[in-house]
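Going by the working numbering, the residue at position 164 of the sequence shown is 294; the numbering climbs one at a time, nothing skipped.
Beta carbons are placed, not taken as given, at the ideal position from N, Cα and C, and that holds for glycine.
What follows is one structure encoded as structure tokens, with my remarks underneath.
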Amino acid sequence: MGKEEASASASGKSQPECINSSNPFHECSDYCLRKIAEEKQRLDDEQRPPQDRTFHPDCINASNPYHVCSEYCFKRIADAESGLERAEQEPPSVDAVKSDAATAQAEGGDDAAGQEDAGADDGYPQMTEKQKKLFELRLKMNEARKANQQAMVAEKKRMEPRTESRGVSKQKWLEDRKKKIGKLLDSNGLDMSKSYMLDTQESAEAKYKKWEKEPAPYGWDVFNQKTLYDAYKKRTKNMEVDMEAYNRAKEADPEFYRDASSLQYGKVSKVPEVNIDRMVNELKERNEKRKSFSRRRKFHEDKDIDSINDRNEHFNKKVERAFGKYTLEIKNNLERGTALPD
């Protein structure tokens, strides 16, 4: 801490370098001044290149003033030097010598000088041609090894069975939502019983509309007269009716509404083709809607529970369909605890 820090702490004003200087009510303390000094020291260290660093002159990153050679760099340099020594110890073949001589004669001195300049400017100025070739081969080997590793991991994921995660994500979502609502209620001074006060007008209307909706019929209520009449009204709601044609047909036929004592009972009355086509189209639409309909089945509390999760319940249903009639007696004996005498 210097005189500047002491004067700032004494006057109670904030420094312009402080991260909280935009706050007009903030007053820099000793902690703020210490952080400002540490940040200045860090910036000075980053801008100043290191003076004492360990690097090998043959390293490909030696031109980087911030690079410090590690064991990996020295290993690469040693491998390159050993490969170079092996290449120098092997005598060149006769065909190679002849081809090199022919190439040297065909090309002029300017081309040779241009190749040397190109070799020096290709990104590896401190490496020879053999070292560069060895370096490129190792890069290709590393790429192939990495591709094989990725393919192996992908194949392992495909071969492994999928884990059963149904219900876990929903439970986590409910817990997170409950925590978020609890924080909002705490900030407003309310408890969980007042959570309905956070609902918007749209969500409240949707909730009330859902509450007013009558439950779906279940069991024998599906086939009672009221349910069948409601289904009939729903089907005929979108049907167009020509009342004028209906009244004309009723006036023309005295037995338009026949009873059991009518002599024409059982005879087919004349129906226009338009009405028949309309009925056929309605039946087709109803069939298509039935095919695309899917709903989650309700959970019945009175039903016996013989599974540990939804997947096991589905498997037990398939087993029951296939072998239920053969294992019914065994199942009853296990539930009863005793077998019935013959």
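Expected contact under 8 Å - CB spacing of residue i and residue j to nearest Å
i, j, result
"Cys494", "Lys143", "No answer is possible for residue 494: the residues shown for the chain start at 131 and end at 472."
"Ala210", "Leu264", "6 Å"
"Asp188", "Gln256", "6 Å"
"Met369", "Glu332", "No, Met369 and Glu332 are not in contact; Cβ-Cβ is about 33 Å, not under 8 Å."
"Ser437", "Glu443", "4 Å"
"Leu315", "Met322", "6 Å"
Close beta carbons around residue i, own chain, < 7 Å, minus the five adjacent residues each side
i, result
"Ala452", "none"
"Met327", "Leu320"
"Thr357", "Pro347 and Asp351"
"Glu335", "none"
"Lys367", "none"
"His156", "Ser144 and Asn150"
Outcome for residue i when other beta-carbon atoms lying within 10 angstroms are tallied against a minimum of 16
i, result
"Gln261", "buried"
"Ile406", "exposed"
"Ile149", "exposed"
"Ile190", "buried"
"Ile166", "buried"
Neighbourhood of residue i by C-beta, 8 Å cutoff - its chain only, sequence neighbours within 5 removed
i, result
"Ala284", "none"
"His186", "Ala192, Cys199, Cys203, Phe204 and Ile207"
"Glu403", "none"
"Asn153", "Ser144"
"Ser392", "Glu385"
"Glu169", "Glu147"
"Ser325", "Ile311 and Leu315"
"Gln474", "Outside the shown range of the chain (131 to 472) lies residue 474, about which nothing can therefore be said."
"Arg365", "Glu412 and Arg416"
"Leu77", "This structure gives no information on residue 77, because the portion of the chain shown stretches from 131 to 472."
"Asp383", "Ser399"
"Met282", "none"
"Val410", "none"
heavy atom of the ligand GDP below 6 Å from residue i C-beta
i, result
"Pro402", "Absent from the structure shown: the ligand GDP. Ligands present: none."
Contacting residues, own chain, Cβ-Cβ under 6 Å from residue i (five flanking each side not counted)
i, result
"Asp174", "none"
C-beta neighbour in chain B for residue i, strict 7 Å
i, result
"Lys170", "Here there is only one protein chain, and chain B is not present."
Exercise. Spell out a yes or no on whether the stretch 406 to 423 and the stretch 442 to 459 are touching, meaning 3 or more CB-CB pairs, one atom from each, closer than 8 Å.
Key: no
Self-check item: Inter-stretch contact (C-beta, 8 Å, three-pair minimum) for the stretch 325 to 344 and the stretch 375 to 387
Solution: no
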